[in-house]
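Undergrad:
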Amino acid sequence: MSPDTADKRTSLLVWGALGIVYIVWGSTYLAIRIVIETLPPLLSGALRFAVAALVLATVLLALRGRTVLRMTLRQAGGAALVGLLLLTAGNGMVSVAEQHISSGLAALLVASVPLWLVILRVVARDRPGLLTLTGVLVGFGGVAGLSLTGGDAATDGTGITIILLASVSWSIGSFISSRIPMPPDPFAASAVEMAAGGAGLLLIGLAAGERLDPAVVSGRSWGALAYLVVMGSLVAFTSYVWLLGNAPISLVSTYAYVNPVVAVALGALVLGEPVTGSMAVAGLVIVVGVALVVSTERRKKAVPAAEPEPEPAAA
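Each residue of the sequence shown is one higher than the one before, starting from 1 at the first, in the UniProt record's numbering.
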């Protein structure tokens with residue numbers, strides 16, 4: 001194979017994987033909304049991550065053998081903690097919040113995660129650049145606009161509060177993931193995170209009084225749950241990990257402001273969710289702020305001393 005042919009093939013693979021991350025992660029908000037139509041939000045999340053963890057661990061063992069899952073107790077504990085923050089608290093609260101707000105509004109508010117990460121850096125006595133801080137101010141202006149006006153007349157403050165707490169939890173999990181002991185293999189780490197996250201959701205769901213009655217669950221909800229397991233938790237994550245090693249991080253990180261646009265469009269097209277003028281303007285402000293933060297930070301991280309990329313903020 002000639003170098004030109006190899007480059008073209010790699011380019012096609014990069015854009016194919018990026019398309020998967022764009023569309024699939026953007027569509028998970030819609031899928032969650034369909035799942036919770038007839039499934040309890042926390043127990044459905046527990047099922048999603050337990051099955052995904054089992055499948056991923058089985059594939060890893062089959063392809064690489066037992067050594068891929070070897071890790072110290074501290075590394076396993078670190079991955080479990082990250083899983084509880086990202087999946088139990090972060091993703092679990094997204095599912096609960098979507099009982100009160102539209103999937104598109106949820107995605108727009110979750111897009112604030114890169115902004116919260118900058119705030120956490122400031123707390124940790126890091127000094128982001130002026131353009132980064134400008135992007136944070138712009139983005140949080142959009143978050144404030146959405147929080148104060150809501151997406152539509154049916155939106156209540158409960159859902160907005162829960163989704164903002166989910167964003168903060170996801171940000172903390174992403175922030176500490178590169179600062180605590182973690183399994184050396186990212187796929188093994190993901191399996192532990194999903195197992196811990198699923199266990200946390202199961203315990204909290206049962207304690208909250210949720211019960212799973214298969215007789216009342218629609219085929220539509222089962223199908224959406226299967227989509228989240230296969231496409232959201234396995235295919236898209238695998239594509240993201242591959243992209244980190246084969247594409248510029250400045251290109252990969254564009255998912256952060258493409259996903260909410262995809263989510264809003266799918267929510268409007270499939271479920272007929274309203275997109276008001278105030279929601280569109282505030283959402284655009286958030287996307288612009290996040291784009292400014294991401295583009296500025298990626299230029300800084302082009303140097304060899306760059307920190308590892310945190311896990312993506314996806315549902």
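The C-beta atom is built at its ideal place from N, Cα and C for all residues, glycine as well. Owing to the predicted nature of the structure, the values given are computational and were not obtained by experimental measurement.
What first and last residue would you give for the alpha helix (DSSP H) that runs through Met194?
TA: From DSSP, the alpha helix (DSSP H) with Met194 extends over Pro186 to Ala207.
Undergrad: Within the chosen definition, does the segment 62–73 reach the segment 252–269 through at least 3 CB pairs nearer than 8 Å?
TA: Not touching, per the Cβ criterion.
Undergrad: Please list, in chain order, all residues of the same chain as Ala268 whose beta carbon is under 8 Å from its beta carbon, the five residues on each side excluded.
TA: These residues qualify, in order along the chain: Gly104, Pro274 and Val275.
Undergrad: CA-CA distance, Ala306 and Gly129?
TA: The pLDDT assigned to Ala306 is 39, lower than 50, so where the model puts this residue is not dependable; a value taken from the coordinates is nonetheless given after this. Whole-angstrom Cα-Cα distance: 15 Å.
Undergrad: Per the contact definition of three or more C-beta pairs closer than 8 Å, is the segment 92–108 in contact with the segment 21–39?
TA: Yes, they touch.
Undergrad: Please state the DSSP three-state secondary structure of Ile180.
TA: Residue state, collapsed to three classes: coil.
Undergrad: Which one of Val136, Gly205, Leu84 and Trp242 has the shortest CA to CA distance from Pro176?
TA: A quick correction: the sequence has Ile, not Pro, at residue 176. The residue with the shortest Cα to Cα distance from Ile176 is Leu84.
Undergrad: Specify the secondary structure class of Thr10 as computed by DSSP and reduced to three states.
TA: Helix at Thr10.
Undergrad: Would residue 318 be called buried (16 or more neighbouring beta carbons within 10 Å of its own) or exposed?
TA: Within the shown structure, residues of the chain are numbered from 1 to 315, placing residue 318 beyond reach of any answer.
Undergrad: Checking 7 Å against the spacing of the C-beta atoms, do Thr296 and Thr158 come in under that value?
TA: Not closer than 7 Å, so no.
Undergrad: Using 8 Å as the cut-off, can you tell me whether the segment 220–230 makes contact with the segment 112–126, which would need three or more C-beta pairs spanning the two stretches below that distance?
TA: Flag = no, the segment 220–230 and the segment 112–126 do not touch.
Undergrad: Considering only their Cβ atoms, is the gap separating Leu39 from Glu210 smaller than 7 Å?
TA: No, the Cβ-Cβ distance between Glu210 and Leu39 is not below 7 Å.
Undergrad: Would the beta-carbon of Met194 fall within 7 Å of that of Ala52?
TA: A contact, by the Cβ cut-off of 7 Å.
Undergrad: Between Leu266 and Arg179, what straight-line distance do the alpha-carbon atoms span, to the nearest angstrom?
TA: Answer to the nearest angstrom: the Cα atoms are 36 Å apart.
Undergrad: Where does Ile119 fall in DSSP's three states?
TA: Here Ile119 sits in helix by DSSP.
Undergrad: Can you tell me whether Gly90 is buried or exposed? The criterion is at least 16 other CB atoms within 10 Å of its CB, across all chains shown.
TA: Under this definition Gly90 is a buried residue.
Undergrad: Leu228 to Leu87, Cα distance in whole Å?
TA: So the two alpha carbons sit approximately 13 Å from each other.
Undergrad: Using 8 Å as the Cβ pair cut-off and three pairs as the minimum, do the segment 240–255 and the segment 13–25 touch?
TA: These segments touch.
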